[in-house]
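Undergrad: Numbering-wise, the numbering used here puts 98 at position 95 of the sequence shown, and it's gapless, one number per residue.
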Amino acid sequence: MRARRHPGAPGTPDAAADPMAGKTRFDDIYDLPDPRSYFRRLAPYEYEIPHHAQGVFRRTLAARRASTPPAPDGGDGFTVLDLCCSYGINAALLNHDLTLADLYAHYAGEDTAELTTSELVDVDKEFYAARRRPDAVRLVGVDTAANATAYALAVGLLDEAYAENLERVPPSHGLARAMSGVGLITVTGGIGYVTHRTFDALLDCVRLPPWVSAFVLRTVPYDRIADSLTARGLVTGCDPARTYPQRLFTSPDEQRDAVERVRALGLDPTGLEAAGRYHTRLYESRPRPVRPV
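Take a look at the structure:
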């Protein structure tokens with residue numbers, strides 16, 4: 004598959020303004036009625052970041068729960084918001100006894116290949132219900148892809164879904180209301196497509212900011228988002244020595260673009276992008292510790 008190039012590639016005037024300019028776009032699979040084409044298309048490129056995020060998000064969720072006073076009904080009293088949630092993949096892995104390999108087998112295998120979308124929705128309701136973890140958390144999804152979020156809602160992966168572009172418009176009344184219960188924001192694939200504007204829009208809806216756990220491509224600067232979170236009282240940490248692979252490059256052009264971009268950010272691509280894959284860093288943002296009086 005050949006990478007699609009478009010304005011903003013390195014060497015053009017808006018390269019710095021669009022850190023995703025040289026990255027292959029898979030727009031045709033992001034907003035379909037169900038996720039089968041998504042998994043089939045990405046399988047050859049070994050798309051894997053949700054696998055790495057699964058354990059991280061579960062540990063972060065456990066820490067967040069431990070820091071939260073019990074609700075009157077005995078629950079933990081908060082919600083996870085998955086930003087750029089797509090078909091609910093992070094929700095599937097967080098709240099169910101499943102692996103990313105299980106999802107590839109389910110959606111790219113023969114058992115579901117001939118089903119209509121309606122039939123697949125019925126199958127998936129049972130598929131996920133049978134694998135639901137007893138510690139499952141309430142989960143809200145936000146993405147611009149209306150079909151993808153509708154699928155995730157229909158099969159029970161999301162409790163609420165909002166197809167909204169927060170880069171351009173403020174949150175709807177429903178999303179603003181949902182934010183009041185959010186204790187953790189997760190994101191694996193959206194930073195660069197969404198910026199500080201999206202985080203500002205979400206955090207404008209809350210009095211106390213939620214924790215944030217974000218996997219960010221090394222080709223994309225995170226400073227402006229971290230600054231916005233700092234202004235809200237969150238401290239952002241990152242282990243610069245630890246990276247998490249995202250996927251193989253689709254072409255030499257895409258790889259060259261990534262290598263140029265990480266070098267421009269002062270990073271070394273040796274053994275990482277130079278070896279043939281996108282890599283991410285994990286940024287964790289939590290409230291600034293309260294100093295004793």
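Ideal Cβ placement from N, Cα and C applies to all residues, glycine included. Note that the structure is predicted; figures quoted are calculated from it, not measured.
State the Cα-Cα distance for the pair L97 and A149, rounded to the nearest angstrom.
TA: The residue labelled residue 97 in the question sits at position 94 within the sequence shown. The residue labelled residue 149 in the question sits at position 146 within the sequence shown. Roughly 22 Å separates the two Cα atoms.
Undergrad: Could you tell me whether the Cβ atoms of P174 and G236 are closer together than 9 Å?
TA: On the sequence shown, position 171 is the one that residue 174 refers to. On the sequence shown, position 233 is the one that residue 236 refers to. Their beta carbons are not under 9 Å apart, which means P174 does not touch G236 by this criterion.
Undergrad: Hey, could you find the ends of the alpha helix (DSSP H) D260 is sitting in?
TA: The sequence position of residue 260 within the sequence shown is 257, counting from 1. First-last of the alpha helix (DSSP H) with D260: 255 to 267.
Undergrad: Output the distance between the C-alpha atoms of L106 and A94, rounded to the nearest integer angstrom.
TA: On the sequence shown, position 103 is the one that residue 106 refers to. On the sequence shown, position 91 is the one that residue 94 refers to. Cα to Cα, L106 sits roughly 12 Å from A94.
Undergrad: Looking only at its own chain, which residues have a Cβ that is under 6 Å from the Cβ of R141, when we skip the five neighbours before and after it?
TA: Taking the sequence shown and counting its residues from 1, the one referred to as residue 141 is at position 138. Answer for R141: T82, D162, listed in chain order.
Undergrad: Considering only DSSP beta bridges, list what P38 is partnered with.
TA: Along the sequence shown, read from residue 1 onward, the residue named residue 38 stands at position 35. Its beta-bridge partners do not exist; DSSP assigns none.
Undergrad: Excluding sequence positions up to five away, which residues of its chain have a Cβ less than 7 Å from the Cβ of L251?
TA: Reading the sequence shown from its first residue, position 248 is the one you call residue 251. Within the same chain, L251 has close Cβ partners Y48, E49, G279, R280.
Undergrad: Alpha helix (DSSP H) containing A46: first to last residue?
TA: Indexing the sequence shown from 1 puts residue 46 at position 43. No alpha helix (DSSP H) holds A46; DSSP gives it neither H nor E.
Undergrad: With a cut-off of 8 Å on the beta carbons, I'd call T239 and T246 a contact; round off their distance for me.
TA: Taking the first residue of the sequence shown as position 1, residue 239 is located at position 236. Taking the first residue of the sequence shown as position 1, residue 246 is located at position 243. Contact flag wrong, Cβ pair sits at about 17 Å.
Undergrad: Between V124 and T115, what straight-line distance do the alpha-carbon atoms span, to the nearest angstrom?
TA: Numbered from 1 along the sequence shown, position 121 holds the residue referred to as residue 124. Numbered from 1 along the sequence shown, position 112 holds the residue referred to as residue 115. Going from the Cα of V124 to the Cα of T115 covers about 11 Å.
Undergrad: Please classify R235: does DSSP put it in a helix, a strand, or coil?
TA: Within the sequence shown, the letter at position 232 stands for residue 235. In this structure, R235 counts as coil in the three-state DSSP scheme.
Undergrad: Tell me which same chain residues have a C-beta within less than 6 Å of the C-beta of P75, skipping the five on either side of it?
TA: Position 72 of the sequence shown, counted from the start, is the residue given in the question as residue 75. Caution is warranted here: a pLDDT of 48 is assigned to P75, below 50, making its placement in the model unreliable, and the coordinate value is therefore given only provisionally. Within the same chain, P75 has no close Cβ partners at all.
Undergrad: Which of helix, strand or coil does DSSP assign to L250?
TA: Within the sequence shown, residue 250 is the residue found at index 247, counting from 1. Checking the sequence, you will find Arg at residue 250 rather than Leu. In this structure, R250 counts as strand in the three-state DSSP scheme.
Undergrad: Does the Cβ-Cβ distance between R134 and D100 come in under 9 Å?
TA: Position 131 of the sequence shown holds residue 134. Position 97 of the sequence shown holds residue 100. The answer is yes: Cβ separation under 9 Å.
Undergrad: What do you reckon, are the CB atoms on G193 and L45 nearer than 9 Å?
TA: Taking the sequence shown and counting its residues from 1, the one referred to as residue 193 is at position 190. Taking the sequence shown and counting its residues from 1, the one referred to as residue 45 is at position 42. Not a contact, by the Cβ cut-off of 9 Å.
Undergrad: Give the straight-line distance between the Cα atoms of V59 and T102, rounded to the nearest whole angstrom.
TA: Within the sequence shown, residue 59 is the residue found at index 56, counting from 1. Within the sequence shown, residue 102 is the residue found at index 99, counting from 1. Roughly 14 Å between the two C-alpha positions.
Undergrad: Is it right to say R264 is buried, meaning 16 or more other beta carbons lie within 10 angstroms of its own, or is it exposed?
TA: Locating residue 264 in the sequence shown gives position 261, counting from the first residue. It is buried - the Cβ of R264 has at least 16 other Cβ atoms within 10 Å.
Undergrad: My output table needs one value for A24: the three-state DSSP class, helix, strand or coil.
TA: On the sequence shown, residue 24 is found 21 positions in, with the first residue counted as 1. Three-state DSSP puts A24 in coil, outside helix and strand.
Undergrad: I'd like the span of the alpha helix (DSSP H) that includes Y107, first residue to last.
TA: Here residue 107 is taken as the residue at index 104 of the sequence shown, counted from 1. Where Y107 is concerned, the enclosing alpha helix (DSSP H) stretches over 103 to 111.
Undergrad: Where does the unbroken alpha helix (DSSP H) through T189 begin, and where does it stop?
TA: Here residue 189 refers to the residue found at position 186 of the sequence shown. First-last for T189: 185 to 190, but that is the beta strand (DSSP E), not the alpha helix (DSSP H).
Undergrad: CA-CA distance, P255 and V219?
TA: Residue 255 sits at position 252 when you count from the first residue of the sequence shown. Residue 219 sits at position 216 when you count from the first residue of the sequence shown. Rounded to whole angstroms, P255 to V219 spans 21 Å at the Cα level.
Undergrad: Taking only runs of the beta strand (DSSP E) that begin and end inside the stretch 114 to 196, which ones reach a length of at least 3 residues, in chain order?
TA: If we require 3 residues or more, the beta strand (DSSP E) runs fully inside the stretch 114 to 196 come out as 141 to 146, 163 to 166, 185 to 190.
Undergrad: With burial defined as no fewer than 16 other Cβ atoms inside 10 Å of the residue's Cβ, what is the status of H308: buried or exposed?
TA: Because the chain is modelled from 4 through 296, residue 308 falls outside the range shown and cannot be assessed.
Undergrad: For E51, I'd like the list of residues in its chain whose CB is within less than 8 Å of its CB, leaving aside the five on either flank, ordered along the chain.
TA: By one-based count along the sequence shown, residue 51 stands at place 48. L103, P248, Q249, R250.
Undergrad: Compute the Euclidean distance between the alpha carbons of E113 and A204, then round it to the nearest angstrom.
TA: Within the sequence shown, the letter at position 110 stands for residue 113. Within the sequence shown, the letter at position 201 stands for residue 204. Taking the straight line from one Cα to the other gives about 42 Å.
Undergrad: Taking the beta strand (DSSP E) that P290 falls in, what are its first and last residues?
TA: By one-based count along the sequence shown, residue 290 stands at place 287. Per DSSP, P290 belongs to the beta strand (DSSP E) from 280 to 290.
Undergrad: Would DSSP call V59 helix, strand or coil?
TA: For the purposes of this step, residue 59 is identified with residue 56 of the sequence shown, where counting begins at 1. In this structure, V59 counts as helix in the three-state DSSP scheme.
Undergrad: Candidates G159, A151, T120: which alpha carbon is nearest E167's?
TA: Residue numbering aside, residue 167 sits at position 164 when the sequence shown is read from its first letter. Of the listed residues, the one whose Cα sits closest to E167 is A151.
Undergrad: What number of angstroms, rounded off, separates the C-alpha of L160 from the C-alpha of T27?
TA: One-based indexing of the sequence shown puts residue 160 at position 157. One-based indexing of the sequence shown puts residue 27 at position 24. Distance between the alpha carbons of L160 and T27: 28 Å.
Undergrad: Whole angstroms is fine: what's the gap from S70's alpha carbon to P213's?
TA: The residue you call residue 70 lines up with position 67 of the sequence shown. The residue you call residue 213 lines up with position 210 of the sequence shown. So the two alpha carbons sit approximately 12 Å from each other.
Undergrad: Enumerate in chain order the residues of its own chain whose CB-to-CB distance from H282 is below 6 Å, with the five nearest sequence positions on each side excluded.
TA: Residue mapping note: residue 282 aligns to position 279 of the sequence shown, counting from 1. Around H282: R221, T246, P248, L275.
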